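*Asks:*
Numbering (the UniProt record's numbering), first residue to last: 1 to 167.
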C-alpha cells in the first residue's frame, strides 16, 4: 500500500512538472520582448521555473527549467541558445528548488532562492552571449536579464501561494 501511495505521488509530481513546462512555454511565448542588441529576448520563463522549483523541489525544478529554456529557444528560432538555455535554466531551477526546500519555513528563503536563481541566469547568459558573440554583447544583456529575473520573481511570488493551496 505504501508503495502505491509513493507511486501516486511521483506520477502526480511528473504530471505537474509537464503542465508547468507547457504553462511556462505558453506564458513565455505570449509575453515576449525581443532585445536586438543581444540577439535574445525577455520573457516570463523564470516565473514558471521558480514556481516549479518551489512546488516540486530541485530535481523536477531543474527538469522544468532546462526543458522550458530549451523548448522556448527551439520555438523562438534561437537554436544557438538551446543547449545553453537547457544548462542555465536547468541549473537555475535545481538551485532554487534546493535552497527553497532546505528550510521551507524560513520567512525569506524563497526570496533568497529567487535572488540566487536570477544571479545564476544573469551570469549564465553573460557567459553564453560572450561565447556566442562577444563579451560586449554579454555585458549589454546583463541589465535586461536582471529585469527579466526580477519580473519573473515578482510573478512567481504572486502566483505561487495560490498554486500551493490548489496543488
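In this text, a Cβ means the ideal position worked out from N, Cα and C, and glycines have one as well.
Just so you know, these numbers come straight off a predicted model, no measurement behind them.
(1) CA-CA distance, residue 115 and residue 14?
(2) Please say whether residue 61 and residue 67 have beta carbons closer to each other than 7 Å?
(3) Decide yes or no for the touch test of the region 77-84 against the region 7-25: beta carbon pairs closer than 8 Å, at least 3 of them.
(4) Hey, could you find the ends of the alpha helix (DSSP H) residue 87 is sitting in?
(5) Can you tell me where the alpha helix (DSSP H) holding residue 32 begins and where it ends?
(6) When the distance is taken between beta carbons, is residue 160 closer than 7 Å to residue 31?
(7) Could you check where the alpha helix (DSSP H) with residue 125 kicks off and where it finishes?
(8) Can you tell me which of the three DSSP states residue 78 falls into?
(9) Within 10 angstroms of its Cβ, does residue 19 collect 16 or more other Cβ (buried), or is it exposed?
(10) Would you kindly work out how many angstroms separate the C-alpha atoms of residue 147 and residue 113, rounded to a whole number?
(11) On the criterion of 16 or more Cβ atoms from any shown chain inside 10 Å, does residue 26 qualify as buried, or is it exposed?
(12) Just to confirm the assignment, what range does the alpha helix (DSSP H) spanning residue 147 have?
(13) Cα separation between residue 28 and residue 50?
(14) Please return the same chain residues whose Cβ sits closer than 6 Å to the Cβ of residue 117, not counting the five positions on each side in sequence.
(15) Going by the beta-carbon positions, is the gap between residue 149 and residue 121 smaller than 7 Å?
(16) Could you name the residues of the same chain whose beta carbon sits closer than 7 Å to that of residue 98, not counting the 5 residues immediately before and after it, in chain order?
(17) Would you kindly check if the distance between the Cβ of residue 152 and the Cβ of residue 47 is under 7 Å?
*Replies:* On the basis of the supplied data:
(1) 26 Å
(2) no
(3) no
(4) 82-102
(5) From DSSP, residue 32 is part of no alpha helix (DSSP H); its letter is neither H nor E.
(6) no
(7) 109-132
(8) coil
(9) exposed
(10) 17 Å
(11) exposed
(12) 135-166
(13) 13 Å
(14) 92 and 96
(15) yes
(16) 58
(17) yes
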